[in-house]
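Here the numbering used here is used: position 55 in the sequence shown is 45, and no number is missing along the way. Ideal placement from N, C-alpha and C gives every residue a C-beta, glycine not left out. On a predicted model such as this, the values are computed, not experimentally measured, just so you know. Below is one structure, written out as structure tokens, with a few remarks after it.
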Amino acid sequence: AKNLEKSQRKAGDSERKYEGLFDDNERLTEGMEDRAEDLQDSAEDRVESYYEHLEGVVERQMDVVRNEASDRATKQRGALAKASEDAKDEAAKVRAMKQAAAAKEAAEEKAE
């Protein structure tokens, strides 16, 4: 606005004319600055809202992944415990079969 006033003064315009235009331009400039600030605030609010939304989406997805991993780990621990019990049962059967075979062999040797 100041630059425009200087240009009008140099061009020979009347003081009343360029001061009136200066006031109009100053009001217009202030209005534009206010509008720019409002738009900036609005943009910042929208960006913040968007990132809050994204944060919620990511947190929910992380919860899903965490729960799935926990479920899988629980199932794997259960399967491992069952496999360990099965192995112990099989080992006990093998020992019993060895003892039965040794007893049978001893009985056969005694019978001869």
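Measure the alpha-carbon distance for residue 63 versus residue 50 and round it to whole angstroms.
20 Å
Just the C-alpha distance for residue 55 and residue 41, rounded to the nearest angstrom, thanks.
21 Å
Could you name the residues of the same chain whose beta carbon sits closer than 7 Å to that of residue 37, not counting the 5 residues immediately before and after it, in chain order?
none
Can you give the Cα-Cα distance for residue 134 and residue 65, rounded to whole angstroms?
Outside the displayed range of the chain (-9 to 102) lies residue 134, so it cannot be described from this structure.
Under a three-way DSSP split, which group does residue 102 fall into?
coil
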